[in-house]
Amino acid sequence: MNKNPNQIKDVRPIRSLELINDLKYSLKRHCQERDYIMFLIGINTGLRVSDLLKLKLKDVRGKKKVTIQEGKTKKSRVIVFNNSIYEEVQAYIKTVDSEWLFPSRKGDKPISSVQAYRQLNKASDMVDITEGIGTHTMRKTFGYWYYKQSKDVARLQRILNHTHPKVTLDYIGITDEEIEDSLDNFSL
308 MNKNPNQIKD
318 VRPIRSLELI
328 NDLKYSLKRH
338 CQERDYIMFL
348 IGINTGLRVS
358 DLLKLKLKDV
368 RGKKKVTIQE
378 GKTKKSRVIV
388 FNNSIYEEVQ
398 AYIKTVDSEW
408 LFPSRKGDKP
418 ISSVQAYRQL
428 NKASDMVDIT
438 EGIGTHTMRK
448 TFGYWYYKQS
458 KDVARLQRIL
468 NHTHPKVTLD
478 YIGITDEEIE
488 DSLDNFSL
(Lines of atoms letter the chains of each structure in order from A and count residues from 1; the text may use other names and numbers.)
(Lines give C-alpha, C1' and ligand atoms only; values in the text may rest on other atoms or scores of the structure.)
Protein backbone atom coordinates (compact mmCIF):
# COMPACT_ATOMS: atom_id res chain seq x y z
CA MET A 1 0.00 0.00 0.00
CA ASN A 2 1.17 3.51 -0.81
CA LYS A 3 2.23 5.29 2.37
CA ASN A 4 3.90 8.33 0.80
CA PRO A 5 1.42 11.14 0.01
CA ASN A 6 3.82 12.58 -2.57
CA GLN A 7 3.92 9.53 -4.86
CA ILE A 8 1.15 10.44 -7.32
CA LYS A 9 2.09 7.75 -9.85
CA ASP A 10 1.65 5.01 -7.24
CA VAL A 11 -2.02 5.79 -6.64
CA ARG A 12 -4.75 4.47 -8.88
CA PRO A 13 -8.34 5.38 -9.51
CA ILE A 14 -10.89 3.29 -7.68
CA ARG A 15 -12.38 1.19 -10.49
CA SER A 16 -15.11 -0.50 -8.48
CA LEU A 17 -18.35 1.26 -7.57
CA GLU A 18 -18.70 -1.17 -4.68
CA LEU A 19 -15.30 -0.09 -3.29
CA ILE A 20 -16.21 3.58 -3.77
CA ASN A 21 -19.39 3.04 -1.78
CA ASP A 22 -17.51 1.04 0.87
CA LEU A 23 -14.97 3.86 1.20
CA LYS A 24 -17.75 6.47 1.49
CA TYR A 25 -19.33 4.39 4.24
CA SER A 26 -16.01 3.95 6.04
CA LEU A 27 -15.24 7.67 5.86
CA LYS A 28 -18.70 8.64 7.09
CA ARG A 29 -18.88 6.10 9.93
CA HIS A 30 -15.28 5.70 11.09
CA CYS A 31 -13.66 9.04 10.30
CA GLN A 32 -15.45 12.37 10.25
CA GLU A 33 -18.25 13.81 8.15
CA ARG A 34 -15.62 16.33 6.99
CA ASP A 35 -13.55 13.54 5.44
CA TYR A 36 -16.58 11.96 3.77
CA ILE A 37 -17.61 15.31 2.22
CA MET A 38 -14.03 15.93 1.06
CA PHE A 39 -14.00 12.52 -0.68
CA LEU A 40 -17.49 13.08 -2.13
CA ILE A 41 -16.53 16.45 -3.63
CA GLY A 42 -13.15 15.11 -4.76
CA ILE A 43 -14.51 12.14 -6.71
CA ASN A 44 -17.32 14.19 -8.24
CA THR A 45 -15.33 17.25 -9.34
CA GLY A 46 -11.78 16.12 -9.98
CA LEU A 47 -10.30 18.99 -7.98
CA ARG A 48 -6.75 18.59 -6.72
CA VAL A 49 -6.66 18.18 -2.96
CA SER A 50 -4.72 21.45 -2.65
CA ASP A 51 -7.64 23.29 -4.27
CA LEU A 52 -10.25 21.32 -2.34
CA LEU A 53 -8.73 22.17 1.02
CA LYS A 54 -8.68 25.91 0.23
CA LEU A 55 -12.48 26.04 -0.05
CA LYS A 56 -14.30 28.12 2.49
CA LEU A 57 -17.93 27.87 3.57
CA LYS A 58 -18.72 31.14 1.78
CA ASP A 59 -17.42 29.63 -1.47
CA VAL A 60 -20.02 26.84 -1.50
CA ARG A 61 -22.91 27.96 0.71
CA GLY A 62 -26.08 27.91 -1.39
CA LYS A 63 -24.16 27.42 -4.65
CA LYS A 64 -24.45 24.65 -7.23
CA LYS A 65 -21.64 26.18 -9.30
CA VAL A 66 -18.38 27.37 -7.80
CA THR A 67 -15.61 29.15 -9.68
CA ILE A 68 -12.11 28.66 -8.35
CA GLN A 69 -8.63 29.52 -9.50
CA GLU A 70 -6.57 26.36 -9.58
CA GLY A 71 -3.38 26.66 -7.57
CA LYS A 72 -1.20 24.60 -9.90
CA THR A 73 -2.34 25.95 -13.27
CA LYS A 74 -3.60 29.37 -12.12
CA LYS A 75 -6.54 28.77 -14.49
CA SER A 76 -10.12 29.53 -13.59
CA ARG A 77 -12.32 26.48 -13.25
CA VAL A 78 -16.02 26.02 -12.64
CA ILE A 79 -17.05 23.06 -10.54
CA VAL A 80 -20.64 21.90 -10.47
CA PHE A 81 -22.35 20.13 -7.60
CA ASN A 82 -25.06 17.76 -8.83
CA ASN A 83 -28.25 17.60 -6.76
CA SER A 84 -27.17 14.82 -4.41
CA ILE A 85 -23.77 16.37 -3.70
CA TYR A 86 -25.30 19.80 -3.31
CA GLU A 87 -27.78 18.59 -0.68
CA GLU A 88 -25.10 16.72 1.29
CA VAL A 89 -22.67 19.65 1.18
CA GLN A 90 -25.35 22.11 2.30
CA ALA A 91 -26.39 19.83 5.19
CA TYR A 92 -22.73 19.42 6.21
CA ILE A 93 -22.11 23.20 6.12
CA LYS A 94 -24.74 23.66 8.84
CA THR A 95 -22.57 21.56 11.18
CA VAL A 96 -19.29 23.41 10.59
CA ASP A 97 -18.08 26.03 13.06
CA SER A 98 -15.26 27.52 10.99
CA GLU A 99 -14.76 29.60 7.88
CA TRP A 100 -13.09 26.57 6.24
CA LEU A 101 -15.05 23.83 4.53
CA PHE A 102 -12.59 21.23 5.85
CA PRO A 103 -11.45 22.69 9.17
CA SER A 104 -8.55 21.42 11.20
CA ARG A 105 -8.91 20.82 14.92
CA LYS A 106 -5.62 22.72 15.28
CA GLY A 107 -6.75 26.30 15.01
CA ASP A 108 -8.57 28.28 12.36
CA LYS A 109 -7.16 26.67 9.25
CA PRO A 110 -8.07 23.84 6.89
CA ILE A 111 -6.73 20.33 7.34
CA SER A 112 -3.43 19.68 5.61
CA SER A 113 -3.03 17.44 2.58
CA VAL A 114 -1.11 15.05 4.85
CA GLN A 115 -4.12 14.84 7.18
CA ALA A 116 -6.43 14.29 4.20
CA TYR A 117 -4.09 11.51 3.06
CA ARG A 118 -4.11 9.90 6.52
CA GLN A 119 -7.90 9.89 6.70
CA LEU A 120 -8.26 8.37 3.22
CA ASN A 121 -5.74 5.67 4.13
CA LYS A 122 -7.41 4.97 7.47
CA ALA A 123 -10.75 4.46 5.72
CA SER A 124 -9.22 2.43 2.88
CA ASP A 125 -7.54 0.08 5.37
CA MET A 126 -10.98 -0.67 6.81
CA VAL A 127 -12.38 -1.70 3.43
CA ASP A 128 -9.33 -3.60 2.18
CA ILE A 129 -8.40 -1.42 -0.77
CA THR A 130 -5.17 -3.09 -1.80
CA GLU A 131 -4.01 -0.71 -4.55
CA GLY A 132 -2.16 2.44 -3.56
CA ILE A 133 -4.42 5.20 -2.32
CA GLY A 134 -3.68 8.84 -1.69
CA THR A 135 -5.22 12.23 -2.11
CA HIS A 136 -4.78 12.03 -5.89
CA THR A 137 -6.96 8.91 -5.85
CA MET A 138 -10.00 11.19 -5.69
CA ARG A 139 -8.99 13.12 -8.81
CA LYS A 140 -8.00 9.97 -10.70
CA THR A 141 -11.25 8.25 -9.69
CA PHE A 142 -13.23 11.21 -11.02
CA GLY A 143 -11.28 11.08 -14.30
CA TYR A 144 -11.63 7.33 -14.68
CA TRP A 145 -15.40 7.29 -14.13
CA TYR A 146 -15.99 10.44 -16.18
CA TYR A 147 -14.17 8.80 -19.08
CA LYS A 148 -15.94 5.46 -18.61
CA GLN A 149 -19.34 7.20 -18.72
CA SER A 150 -18.66 9.78 -21.43
CA LYS A 151 -15.77 8.32 -23.50
CA ASP A 152 -14.89 11.98 -24.12
CA VAL A 153 -11.15 12.21 -23.53
CA ALA A 154 -10.96 15.70 -25.07
CA ARG A 155 -13.43 17.16 -22.57
CA LEU A 156 -11.82 15.29 -19.67
CA GLN A 157 -8.42 16.62 -20.77
CA ARG A 158 -9.84 20.16 -20.52
CA ILE A 159 -11.46 19.49 -17.15
CA LEU A 160 -8.19 18.15 -15.72
CA ASN A 161 -6.12 20.81 -17.51
CA HIS A 162 -3.83 18.27 -19.13
CA THR A 163 -1.67 19.08 -22.15
CA HIS A 164 -2.43 16.01 -24.25
CA PRO A 165 -5.05 13.22 -24.39
CA LYS A 166 -2.34 10.58 -23.79
CA VAL A 167 -1.42 12.32 -20.53
CA THR A 168 -5.07 12.11 -19.48
CA LEU A 169 -5.47 8.43 -20.41
CA ASP A 170 -2.23 7.51 -18.65
CA TYR A 171 -3.24 9.57 -15.61
CA ILE A 172 -6.56 7.75 -15.18
CA GLY A 173 -5.03 4.35 -15.95
CA ILE A 174 -6.71 3.60 -19.26
CA THR A 175 -4.36 1.14 -20.91
CA ASP A 176 -3.85 0.24 -24.57
CA GLU A 177 -5.39 -3.14 -23.76
CA GLU A 178 -8.61 -1.50 -22.50
CA ILE A 179 -8.75 0.63 -25.64
CA GLU A 180 -8.27 -2.47 -27.82
CA ASP A 181 -10.97 -4.33 -25.85
CA SER A 182 -13.41 -1.48 -26.49
CA LEU A 183 -12.70 -1.77 -30.22
CA ASP A 184 -13.55 -5.49 -30.24
CA ASN A 185 -17.27 -4.69 -30.11
CA PHE A 186 -17.12 -1.69 -32.40
CA SER A 187 -18.58 -2.09 -35.85
CA LEU A 188 -20.45 0.01 -38.37
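Be aware that the sequence shown starts at 308, since it is given in our numbering, and climbs by one per residue. Using N, Cα and C, we set each Cβ at its ideal position, and we do this for glycine too.
- Under DSSP, the beta-bridge partners assigned to proline 417 are Pro410.
- For arginine 336, the uninterrupted alpha helix (DSSP H) segment begins and ends at 324–337.
- Close CB contacts of asparagine 428 within its chain, under the 7 Å cut and outside five residues either way in sequence, are with Ile440 (chain order).
- Bounds of the alpha helix (DSSP H) holding threonine 352 are 340–352.
- Taking the Cα of tyrosine 451 as reference, the smallest distance to any Cα among Thr437, Thr482, Ser431 is reached at Thr482.
- Per DSSP, the beta-bridge partners of lysine 372 are Val387.
- As the crow flies, the alpha-carbon of histidine 443 is around 18 Å from that of asparagine 328.
- Counted as a single uninterrupted DSSP element, the alpha helix (DSSP H) harbouring threonine 475 occupies residues 472–479.
- Using a Cβ distance threshold of 8 Å, glutamate 340 and tyrosine 393 do not count as a contacting pair.
- In this model, isoleucine 486 and proline 472 are separated by some 13 Å (Cα to Cα).
- In the three-state scheme derived from DSSP, where H, G and I count as helix and E and B as strand, lysine 455 is classed as helix.
- Contact annotation, aspartate 358 with glycine 378: C-beta distance approximately 6 Å; criterion of less than 8 Å satisfied.
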